[in-house]
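Report on the structure given below.
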Amino acid sequence: MDCESSQKIIGTSLEDLLVQKNVKIIDPGRYESRIKELEQKVDCYESRIKELEQKNKISAEKNKSLSKEADGIKASLSKLETQKSSLFQKAVSELKNKNSIDAMGLLQAVLAYDPENIKAMINLAVVYADLDFDDKAIEILNRVLAKDPNNATAKTNLEILAADKDE
Amino acid sequence: MTRFIVFANRKGGCGKTTTAVNVAHCLAMKKRKTLLIDLDPQAHSTISLGKNTHGQHTTSIVALLNGKKTLNDIIVPTNIDGLSLAPSSRDLISFEIEASSRKGSENILSENLSGTVNRFDFIVFDPPPTIGLLTVSALVAGREVYIPMPMHFLAMEGLAEMMRLIYTLNATCNPDLRLCGVIPTFYNKNTRIAKEITKDILKNFGKENLLPGIRMNVSLAEAPGHGKSVLEYAPNSAGAVDYTALTDSIINNI
Ligand SMILES: Nc1ncnc2c1ncn2[C@@H]1O[C@H](COP(=O)(O)OP(=O)(O)OP(=O)(O)O)[C@@H](O)[C@H]1O
Ligand SMILES: [Mg+2]
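Protein chains in written order, with numbering that gives the first Met the number 0: chain A, 0 to 166; chain B, 0 to 253.
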């Protein structure tokens, strides 16, 4: 009785018979666990995708505010550009009117924005010379030549100033 | 689309014919146009449906296999609405012996079924209990294999052998053929051996491949003598109930 309850009635299992006959059946249980495994992976990918989408959204917003900022900077730059050129125009017209003191202020302002502006430097040298600050004029013209050694206007003006000094 | 189903087992007397006849009848009752092809020289399906096999060889399945007739020529109606029969006759034996040595004979049946079969929802094959040309022909023409088997050890051995055959055919000439279910026959679910074999089947083939069992029922053994299916002979018997349930699960098994 004991023996009967612990031992199988069929001495050989179907599995063993299939192995004997070299028939490989794919265990349906294995399919199920594989499917579960894959489903879990899909879940994982889905939440990762959501996460990335969220991140994407945030960076898109950031991008938007950054480009707004950049637009603002560009706008103020172009404003400065117009201011600069209008300052220069004013300076030139004051020069023409022989209003050297005002022209000097305006040109100095142009150079504060744009220290490399050669035209402004040459004009400022002319104003300095007009106001009898020859040393300052020479110094500026030399600075121009240091930047642009072939600048003809600077060379001629320097020569004139040197001749004046000799007199 | 027509479904091609084979009740096969190389073990004799396991209930192939009883299952083929009664499932075919249930299918027809459920409005599925059905053709039962009797491929057994014993002609037990033919007899079970009340058809006389004497002196009829020109109209049996042999004529189709010999290329003398078309499927249309050999099909006979039965007294069951929606169920037709391609009858067998004794000279199937000589066909099997003769044709077995010829190459490609296993394809003859399948090739001769094309065309006419479209008007049926189900083609049911009842092959003999040997793995010879006739059974292989059914398995080449079929798609779904159902294996009726009593819950005995030797039957289980036969099941393993059938699996090997299915796999061999998958690799050679019929990749579409698949096991669609084991049908426990002469079934008494209370015996320990039935429980153990059931468990083994579940473990190896999964629960979708274990179909509702057919209990031992004397009406099933009596009905063929009256040329009737169990549904005509004893519609309230356990046999009729079990085959109705089995047919439902075959219909839904796609
Ligand atoms: N569930 C059942 N209860 C009682 N008798 C049954 C049952 N199933 C089948 N039988 C009887 O068992 C015998 C064998 O059944 P059947 O002819 O269906 O088997 P088979 O597999 O077709 O046999 P064969 O291998 O000779 O073709 C028949 O006499 C049949 O009437
Ligand atoms: Mg039979």
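In this text, a Cβ means the ideal position worked out from N, Cα and C, and glycines have one as well.
- At least one heavy atom of ligand 1 falls within 7 Å of the beta-carbon of K15/B.
- In this structure, H24/B has its beta carbon at no less than 7 Å from each heavy atom of ligand 2.
- Within chain B, D199 have C-beta atoms less than 8 Å from the C-beta of S12/A, given in sequence order.
- Apart from sequence neighbours up to five positions away, the residues of its chain that approach Y112/A with a beta-carbon distance below 8 Å are L79, Q82, K83 and L86, ordered along the chain.
- By the Cβ rule, the segment 86-104 of chain A counts as touching the segment 126-139 of chain A, because three or more pairs are nearer than 8 Å.
- Residues of the segment 12-37 of chain B with a C-beta atom less than 8 Å from some C-beta of chain A do not occur.
- In the structure shown, P223/B adopts helical secondary structure according to DSSP, grouped into three states.
- Counting only runs of 3 or more residues that sit fully inside the segment 85-139 of chain B, the beta strand (DSSP E) segments are 121-125, in chain order.
- Between V61/B and N106/B, the C-beta spacing is not below 8 Å.
- Only R191, I192, E195, I196, D199, I200, K202, N203, F204 and G205 from the segment 175-205 of chain B bring a Cβ to less than 8 Å from some Cβ of chain A.
- Its Cα nearest to that of R89/B, the residue S59/B stands out among S113/B, K32/B, S59/B and H151/B.
- Here the distance from the Cβ of N189/B to the nearest heavy atom of ligand 1 is not below 7 Å.
- Within the segment 153-168 of chain B, M155, E156, L158, A159, E160, M162, R163 and Y166 place their CB atoms closer than 8 Å to a CB of chain A, listed in sequence order.
- For N122/A, same chain residues with a beta-carbon under 6 Å away, outside a window of 5 residues either side, are L106 in chain order.
- Buried is the label assigned to A42/B, since at least 16 other Cβ atoms lie within 10 Å of its Cβ.
- D39/B has its Cβ nearer than 7 Å to a heavy atom of ligand 2.
- Unbroken beta strand (DSSP E) stretches of 3 residues or longer found wholly inside the segment 54-81 of chain A: none.
- One finds M155, E156 and A159 in chain B with Cβ atoms closer than 7 Å to the Cβ of L16/A, taken in chain order.
- Around the beta carbon of I96/B, fewer than 16 other beta carbons lie within 10 angstroms, which makes this residue exposed.
- Of the heavy atoms belonging to ligand 2, at least one sits nearer than 7 Å to the Cβ of H43/B.
- Judged by DSSP secondary structure, C179/B falls within the beta strand (DSSP E) whose first and last residues are R177 to T184.
- Interface with chain B (8 Å Cβ-Cβ cutoff): I34/A is excluded.
- Comparing alpha carbon positions, the residue from K7/A, S12/A and S46/A closest to I200/B is S12/A.
- A distance criterion of 7 Å places the beta-carbon of D125/B in contact range of ligand 2, judged by its closest non-hydrogen atom.
- When the alpha-carbon of A124/A is set against those of S75/A, V143/A and G71/A, the nearest one is in V143/A.
- Of the heavy atoms belonging to ligand 1, at least one sits nearer than 7 Å to the Cβ of M215/B.
- Secondary structure of I146/B (DSSP, three-state): strand.
- Your pair I182/B and I130/B does not check out as a contact, with CB atoms roughly 19 Å apart and the cut at 8 Å.
- V229/B sits in a helix when the DSSP states are folded into three classes.
- Here the alpha carbons of K50/B and G103/B stand approximately 31 Å from one another.
- For F204/B, the enclosing alpha helix (DSSP H) stretches over residues R191 to F204.
- Using a Cβ-Cβ cut-off of 8 Å, I9/A is close to F152, M155, I192, E195, I196 and D199 of chain B, given in chain order.
- For F3/B, the enclosing beta strand (DSSP E) covers residues R2 to F6.
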